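Chemist: There's a structure below that I have some questions on.
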Ligand SMILES: Cc1cc2nc3c(=O)[nH]c(=O)nc-3n(C[C@H](O)[C@H](O)[C@H](O)COP(=O)(O)OP(=O)(O)OC[C@H]3O[C@@H](n4cnc5c(N)ncnc54)[C@H](O)[C@@H]3O)c2cc1C
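Numbering (the numbering used here), first residue to last: 36 to 448.
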């Protein structure tokens, strides 16, 4: 029988932190369980922030991981609206911003990240908005009035989803992207092109390969000036240029940090009894592969759950397939496995403009798939592809590209 810790603290009451707390109780942990979060809300999932919440079709309670009664029932102490300011791994103590010092036996760092700021803009300008938290999303929603002139900085997923929602709400939208194509860091050309065509068709003015030289205004943003001298007047500027992992607490506590908090195969950090999970966690997907972070719903869910098991002494190596989705206008993009931004090994064209892009490894085994289609139309195919990846069968690019060969058939074959 493994010795159970008496007190477990979770820092960060977001998706991974919330999932870890619930899992600890589901797994029978009956010691003291504290979750510290600097947001005032119950743990929640973030994908609806750029979609349903802005559109007015989703509310916080519909994407919270649990309600307050459930936390009470499970005796999870939620210290909301407070940050952890110091981690003393020698004494196993966590310091909070109000002076409290909490001893722990096991600790999970699930501190996520914050939106990267645009350096050219004073922090207090009220019409320059970012999107990471529920409160930021509420503020943005108030500004998205029909006819509002919106400039979105950044052609990654957050920028694109905000542009799509704002356009659907009747805003005039200009989207600025520094790269030659949309989401070029993570998507192949075919998907960047599909996104561009969709946004243009829906009336978003997408400008690629642009450089911002200044944001003009007095006490609020009035226009964005580009390097070519042109000026784009705006009522609102939304900045979606990526996120910065919240590693300060861990760094000052002496933990190993790279692009995130570095962990071993079991999500354990370099401090004994301290684990990390979610967007802030830098891990190796396979033994020997390079460190990486994943900023996805699925990773927060899986690592939150997994870290909880290991806090209880299970010592289970973490493994999961990367997966991601994005919804824009009436279209959906989904990926599973290892994909990347290079050309795929095979492309399967599907009805109504949908398609699947397949990535094979050196042994012709499927390692990743991206799909594009209306609504959730490619969801079933992506699930079948996930099974094909896990199955590890040798496949030919010809049969993968042929819509006449069903994916189920490939699984059986
Ligand atoms: C707008 C938006 C849309 C998204 N859409 C998608 C999507 O469509 N598909 C998809 O797969 N993924 C999507 N994601 C990504 C996904 O939501 C994240 O990967 C996930 O939320 C990460 O969970 P986390 O628990 O690691 O971090 P978070 O959910 O960010 O939680 C971290 C929490 O820790 C708190 N914290 C930080 N430091 C401290 C401290 N010192 N003390 C106390 N508390 C602290 C933070 O304030 C935060 O509440 C989206 C993200 C955003 C922001």
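Each residue gets a CB set at the ideal place from its N, CA and C atoms; glycine is no exception.
Because the structure is a prediction, the values reported are computed rather than measured.
Looking at residue 368 and residue 226, is the spacing between their C-beta atoms short of 8 Å?
Modeler: Against a cut-off of 8 Å, the Cβ pair of residue 368 and residue 226 comes out as a contact.
Chemist: Please tell me whether, using a cut-off of 7 Å, the distance from the CB of residue 82 to the nearest non-hydrogen atom of ligand 1 is below it.
Modeler: For ligand 1, at least one heavy atom lies less than 7 Å from the Cβ of residue 82.
Chemist: What residues are listed by DSSP as bridge partners for residue 394?
Modeler: 403.
Chemist: Output yes or no for whether 8 Å exceeds the beta carbon distance between residue 269 and residue 296.
Modeler: Against a cut-off of 8 Å, the Cβ pair of residue 296 and residue 269 comes out as no contact.
Chemist: Please return the same chain residues whose Cβ sits closer than 6 Å to the Cβ of residue 337, not counting the five positions on each side in sequence.
Modeler: Here the set comprises 355.
Chemist: Buried or exposed for residue 36, please, with buried defined as at least 16 other CB atoms from any protein chain shown within 10 angstroms of its CB.
Modeler: Low confidence applies here, because residue 36 scores a pLDDT of 42, under 50, leaving its location unreliable; read the following figure in that light. The residue in question, residue 36, is exposed, as its Cβ has fewer than 16 Cβ neighbours within 10 Å.
Chemist: At the level of alpha carbons, what is the spacing between residue 73 and residue 115?
Modeler: Whole-angstrom Cα-Cα distance: 6 Å.
Chemist: Considering Cα atoms alone, identify which of 109, 378, 48 and 423 is closest to residue 221.
Modeler: Measuring from the Cα of residue 221, the nearest candidate turns out to be 378.
Chemist: How is residue 381 classed by DSSP in three states: helix, strand or coil?
Modeler: Residue 381 falls in the strand class under three-state DSSP.
Chemist: Buried or exposed: residue 121, going by 16 or more other Cβ atoms within 10 Å of its Cβ?
Modeler: Exposed, since its Cβ has fewer than 16 Cβ neighbours within 10 Å.
Chemist: Just to check, is the beta-carbon of residue 314 closer than 7 Å to a non-hydrogen atom of ligand 1?
Modeler: Residue 314: yes, Cβ under 7 Å from ligand 1.
Chemist: Just checking residue 332 against ligand 1 - is the residue's beta carbon closer than 7 Å to any of the ligand's heavy atoms?
Modeler: Residue 332: yes, Cβ under 7 Å from ligand 1.
Chemist: Entirely within the region 204-287 and at least 3 residues each: give me those beta strand (DSSP E) ranges in chain order.
Modeler: Whole beta strand (DSSP E) segments, 3+ residues: 207-211, 240-242, 247-251, 258-261, 266-268, 271-274 and 278-280.
Chemist: Pull up the CB-CB distance for residue 100 and residue 148, whole angstroms please, since I reckon it's below 8 Å.
Modeler: Going by Cβ atoms, the distance from residue 100 to residue 148 rounds to 18 Å, so no, they are not a contact pair.
Chemist: Let me know the secondary structure DSSP gives residue 420 once reduced to three states.
Modeler: Three-state result, residue 420: helix.
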